[in-house]
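Numbering (this note's numbering), first residue to last: 16 to 156.
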């Protein structure tokens with residue numbers, strides 16, 4: 016019985032430790048690859064859009080979810096698919112405020128791989144269209 020409890024504890028603690036390490040890696044990658052433009056707290060710098068308290072709204076429509084992967088900073092990032100998925104999930108968890116449900120569908124490496132091969136070029140116009148679609152979807156709720 017003690018061996019079984021010990022094995023169970025080891026499995027649980029290993030999972031918790033792995034999740035903590037993944038979160039720390041995502042935070043580090045945000046600092047290295049994202050915060051220069053998006054700022055340490057996600058408020059954005061100069062013409063870079065604010066993520067803080069807003070980014071979760073993009074998850075409300077499929078095109079918005081795809082947008083977060085297809086923007087040049089994500090799609091052309093040096094991060095591999097797994098690391099980019101972790102960073103996006105970390106950003107949403109840290110910066111979305113009330114704009115995202117805490118049970119939002121997490122990005123996966125497979126989803127990132129599928130979407131990032133189609134980076135967006137016309138960001139400003141595309142983003143404006145998305146914001147209209149998001150506002151329309153929210154008004155129907």
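Beta carbons: idealized from backbone N, C-alpha and C, even for Gly.
For residue i, which three-state DSSP category applies?
i           : result
residue 147 : helix
residue 138 : helix
residue 76  : coil
residue 152 : helix
residue 23  : Confidence in residue 23 is poor, its pLDDT being 49 and thus under 50, which makes the residue's placement too unreliable to answer from.
residue 102 : helix
residue 93  : coil
Roughly how many whole angstroms lie between the Cα atoms of residue i and residue j?
i           : j           : result
residue 140 : residue 146 : 10 Å
residue 148 : residue 70  : 15 Å
residue 90  : residue 77  : 17 Å
State the CB to CB distance for the pair residue i and residue j, rounded to an integer number of angstroms; the pair is presumed to be in contact (CB under 8 Å).
i          : j           : result
residue 86 : residue 130 : Residue 86 to residue 130, Cβ: 11 Å. No contact.
Are the beta-carbon atoms of residue i and residue j separated by less than 8 Å?
i           : j           : result
residue 94  : residue 43  : no
residue 80  : residue 73  : yes
residue 127 : residue 119 : no
residue 100 : residue 122 : yes
residue 45  : residue 84  : no
residue 68  : residue 125 : no
For residue i, which option in the options has the closest C-alpha, if you only look at C-alpha atoms?
i           : options           : result
residue 39  : 137, 132, 98      : 98
residue 114 : 150, 46, 102, 132 : 150
residue 110 : 36, 55, 63        : 55
residue 37  : 92, 75, 104       : 104
residue 154 : 75, 58, 52, 61    : 75
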